[in-house]
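J.: For the sequence shown, counting from 1, position 83 maps to 1249 in our numbering; every step adds exactly one.
Where a beta carbon is used, it is the ideal one built from N, C-alpha and C, also for glycine.
Remember, predicted model here, so these are calculated numbers, not experimental data.
I'd like to ask you about the structure that follows.
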Amino acid sequence: MPHTHKLNCVRRTVCVVMAVLILVFCAAFLQRRQASKTVYTKELFAMDTFFALRAYGPQAEEALAACEGRVEELESLLSVTREGSDIRRINQGERFGVSKDTFSVITSALELSEETEGALDITLYPVLREWGFTTGEYRIPQAEELQALLEKVDYRAVSLGGGLSDRVDGDLEDGVLTISVPEGMELDLGAVAKGYTGDCLLALLRERGVTSAMLDLGGNVQVLGEKPDGSAWRVAVRDPFGGGSLGVLEIRDKAVITSGNYERYFVGEDGNIYWHILDPSDGYPADSGLAAVTVIGEHGVQCDGLSTALFVMGKEAAVDYWRRHRDFEMLLVTEDAHLYITEGLTECFTCSEGWNAEIIRGN
Ligand code: AMP
Ligand code: MG
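As structure tokens, this is what we get:
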């Protein structure tokens, strides 16, 4: 009898210990799950626009604080107006070793300029300034003024130096490589800087262990992974003719970047509307029949550069470009309110009421 009693006692103790362990494990599991759903946000005004950053998980708070520093660093290098920035120094004719960020964003932009046959041209700054898009003091330049300024616009004249051809490993270093432009030529990275910044912030978040985040950089959206509940991120695409959206994209690990003629414009003394995306072939606002272009892809810098370039190119050339490349998807809205989407978006794009999307297919 005492033996059975002892055995029962041991059994009971084992059961209690196991129950406690199970409870501890469950609590830890639930706590971890809860922690991975904890959201942290940060809002900033940078690069002339509002950034709203959202990230999930225990590492997110510190990672977002680091993002703020990274944005400040990039702006101080890439801003065309900030005294002492790499771009400003290049534009002033200084010869110096640029940061690897400056080098990287400029080489990406030049590749896109080449591929889009100059529809994207980061040497447009003097023309943009003449229109007042850099200062807000808008005016319509004379055709002759534009012609004279266009003499100094040509992305092919940007020189990359500093032993680039000797570098076999492809790793960039700060302060080694140089970038220079002929006298009178000036760079502006307005068409690509936000996309590049998004790429840098996502890399930083990944490095710090964040797996779920959504970054809104002045309307450009870049997402990391999926939502903590395992569903795709839902990103609304703005209706260029009104305040609402023309549909919603469901995406994971993608950039969604839009260029539209409604984003920055002025009404001239002649009553016409002039917007901020210029055609480098004549220096006038690109009048290609498109009201907005949204590019969806893996890399922010590519999507940003392309959204601007495809806007300049117009629908036919944009479709042709997409058919030749196929490493991104796009959504085009024409001035007469027709919506076109490439076939890769059929499963992940839902139109808002009143909109219908015609599908662009590959050949
Ligand atoms: P996004 O909003 O990305 O289309 O970029 C527009 C900005 O890029 C403008 O505010 C200008 O600073 C600059 N920009 C305008 N047209 C061009 C162009 N054709 N190529 C390169 N940059 C441009
Ligand atoms: Mg762009």
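1. Could you work out which residue in C1233, R1430, G1259 is closest to L1294 when comparing CA atoms only?
2. Between A1232, T1247, E1241, Y1321, which lies nearest to L1278 when the distance is taken from Cα to Cα?
3. From what residue to what residue does the alpha helix (DSSP H) around V1342 run?
4. Beta carbon of T1474: closer than 7 Å to some heavy atom of ligand 1?
5. State the Cα-Cα distance for the pair V1478 and V1433, rounded to the nearest angstrom.
6. Out of E1519, G1350, G1471, A1221, which one is the CA nearest neighbour of S1425?
7. Straight-line CA distance for V1334 to E1281?
8. Terminal residues of the continuous beta strand (DSSP E) containing C1517?
9. In whole angstroms, give me the CA-to-CA distance for I1423 and R1404.
10. Among G1391, K1393, L1367, V1459, which has the Cα closest to the Cα of Y1428?
11. Could you check whether G1437 and E1501 sit closer than 8 Å to each other, using their CB atoms as the reference points?
12. Terminal residues of the continuous beta strand (DSSP E) containing F1407?
13. Using the DSSP secondary-structure output, state which residues sit across from Y1206 in a beta bridge.
14. Are the beta-carbon atoms of V1467 and D1365 separated by less than 8 Å?
15. Along the chain, where does the alpha helix (DSSP H) that runs through M1496 open and close?
16. Smallest Cα separation from G1298: which of L1219, T1268, A1285, L1312?
17. Specify whether the segment 1360-1377 and the segment 1247-1264 touch according to this definition: at least 3 beta carbon pairs, one from each stretch, less than 8 Å apart.
T.: To lay it out plainly:
1. R1430
2. Y1321
3. Looking at the DSSP string, V1342 is not in any alpha helix (DSSP H), and its letter there is neither H nor E.
4. yes
5. 20 Å
6. G1471
7. For V1334, the predicted model reports a pLDDT of 44, less than 50, meaning its position is unreliable and no value from the coordinates is stated.
8. 1515-1517
9. 11 Å
10. V1459
11. no
12. First-last for F1407: undefined, no H or E at that position.
13. A1221
14. yes
15. Counting along the chain, M1496 falls outside any alpha helix (DSSP H), though it belongs to the beta strand (DSSP E) covering 1495-1500.
16. L1312
17. no
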